[in-house]
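Participant:
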Amino acid sequence: PVVLDSIDCTAVVPAKRLADVLDAARTPPIGVDIVGYGPPLWCVIGNGKITFHSDWSAYDHGRATVSVEAETNGEAQFHSAVSLVARVLRDFTTIDEGDETVRFEIDGPTGSGCRVVASEWVLTCPFIDPVAQEWGGMMRREIMSAGFEYERDGDRAVEYLVNGVQVRAQVHGGRHPVCRLSAIVARNVASGEFLLSELNDWNKAHAGMKFWWEAGKVVAVIDLDSNHMSDICDESLRLAAAVARLAAPTAAL
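Residue numbers for the sequence shown follow the numbering used here, so the first one is 102 and each next one is one higher.
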């Protein structure tokens, strides 16, 4: 169960208006068939209104935005499956009379969710990380099926050994979601023209792989299209092989 730690923001809104706006927010673009309730909604509360953003980029469409006026106290931004609230409103609330209101109670930024309170029911919705939800599990399953033992670093990233090389995999969202594989080639390396020239040559010689210097470290990176997550084993092996081959000469620079 989701337990709210401390209420950081509240909003009171007419139930009928909220139901109408949520119905609009979760209506898929024309020609799009979805299973369930579609993508999680990005909710922004503050300045006298609640705004819902639904991101349909996974279906090759843009973002839809709808708003409803509300009595707000504080500000909050979060992803959640609050579209479920629309169904609860229709099924359990007498909204035709127009005077029923519901109250949003939102946990602090480090909390776990929000609560929607009506006169006869309370619905708790956990915060959601849509990137971790969509790609994190798939990433971990592919790594596990390849026989690598990993350690989780939150819901988006894991670290694991590939032939003695420590590899980090982390999923990133956006219009073109990727799983970034990275490994440290060498530490305590000073930046200079010769090093930058070497990195430039390595970038040209390793297709789909990038090398750069940051904070005294040389890092190797592969950005794997998340839709090709099944390639994570082969790409991890390729990254580890390059790192093992270049580690000694890089440390000598």
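Virtual Cβ for every residue (Gly too), placed ideally from N, Cα, C.
Quick caveat, the model's predicted, so the values are computed rather than measured.
Could you check if R257 is buried or exposed, using at least 16 other CB atoms within 10 Å of its CB as the buried criterion?
Facilitator: Translated into positions along the sequence shown, residue 257 becomes position 156. Label assigned to R257: buried.
Participant: Is it a yes or a no for the segment 105-116 touching the segment 205-216, going by three-plus beta-carbon pairs under 8 Å?
Facilitator: With the cut-off at 8 Å, the segment 105-116 and the segment 205-216 touch.
Participant: Using the beta-carbon count (16 or more within 10 Å), is G214 buried or exposed?
Facilitator: Here residue 214 corresponds to residue number 113 of the sequence shown, with the count starting at 1. Buried, because 16 or more other Cβ atoms sit within 10 Å of the Cβ of G214.
Participant: Just grab the DSSP bridge partners of W95 for me.
Facilitator: With the chain covering only 102 through 354, there is no way to say anything about residue 95.
Participant: Could you tell me if I333 is buried or exposed, where buried requires 16 or more neighbouring beta carbons within 10 angstroms of its beta carbon?
Facilitator: For this step, residue 333 is matched to residue 232 along the sequence shown. Counting Cβ neighbours within 10 Å, I333 comes out buried, since at least 16 surround it.
Participant: Using only CA atoms, which one of E294, A345, G237 and L119 lies nearest to D200?
Facilitator: Within the sequence shown, residue 200 is the residue found at index 99, counting from 1. Nearest C-alpha to D200: L119.
Participant: Would you kindly check if the distance between the Cβ of V232 and the Cβ of A219 is under 9 Å?
Facilitator: Start at 1 with the first residue of the sequence shown, and residue 219 comes out as number 118. Start at 1 with the first residue of the sequence shown, and residue 232 comes out as number 131. Contact: no.
Participant: For S173 versus T111, is the C-beta distance shorter than 9 Å?
Facilitator: By one-based count along the sequence shown, residue 173 stands at place 72. By one-based count along the sequence shown, residue 111 stands at place 10. What sits at residue 173 in the sequence shown is Thr, not Ser. Yes; because the gap between Cβ atoms is below 9 Å, this pair is in contact.
Participant: Pair every Cβ in the segment 142-161 with every Cβ in the segment 237-250, then say whether three or more of these pairs are closer than 8 Å.
Facilitator: Output reads no: the segment 237-250 does not touch the segment 142-161.
Participant: Closer than 7 Å by C-beta to S182: which residues in its own chain qualify, once you throw out the five before and the five after it? Chain order, please.
Facilitator: Numbered from its first residue, the sequence shown carries residue 182 at position 81. Looking at the sequence shown, residue 182 is not Ser but Ala. The answer, listed in chain order, is Y138, P141, C226 and I229.
Participant: With distances taken Cα to Cα, identify the nearest neighbour of A308 among L347, G255, R339 and M245.
Facilitator: For the purposes of this step, residue 308 is identified with residue 207 of the sequence shown, where counting begins at 1. Comparing Cα-Cα distances from A308 to each of L347, G255, R339 and M245, the minimum goes to R339.
Participant: I'd like the span of the beta strand (DSSP E) that includes F205, first residue to last.
Facilitator: As a position in the sequence shown, residue 205 is number 104, starting the count at 1. First-last of the beta strand (DSSP E) with F205: T202 to D208.
Participant: By the DSSP assignment, the alpha helix (DSSP H) with V122 in it spans what residues?
Facilitator: As a working mapping, residue 122 is identified with position 21 in the sequence shown. Run containing V122: A116 to A126, per the alpha helix (DSSP H) assignment.
Participant: Using a threshold of 9 Å, state whether the C-beta atoms of G335 and V279 are closer than that.
Facilitator: Here residue 335 refers to the residue found at position 234 when the sequence shown is read from its first residue. Here residue 279 refers to the residue found at position 178 when the sequence shown is read from its first residue. It should be pointed out that residue 335 corresponds to Asp in this sequence rather than to Gly. No, the Cβ-Cβ distance between D335 and V279 is not below 9 Å.
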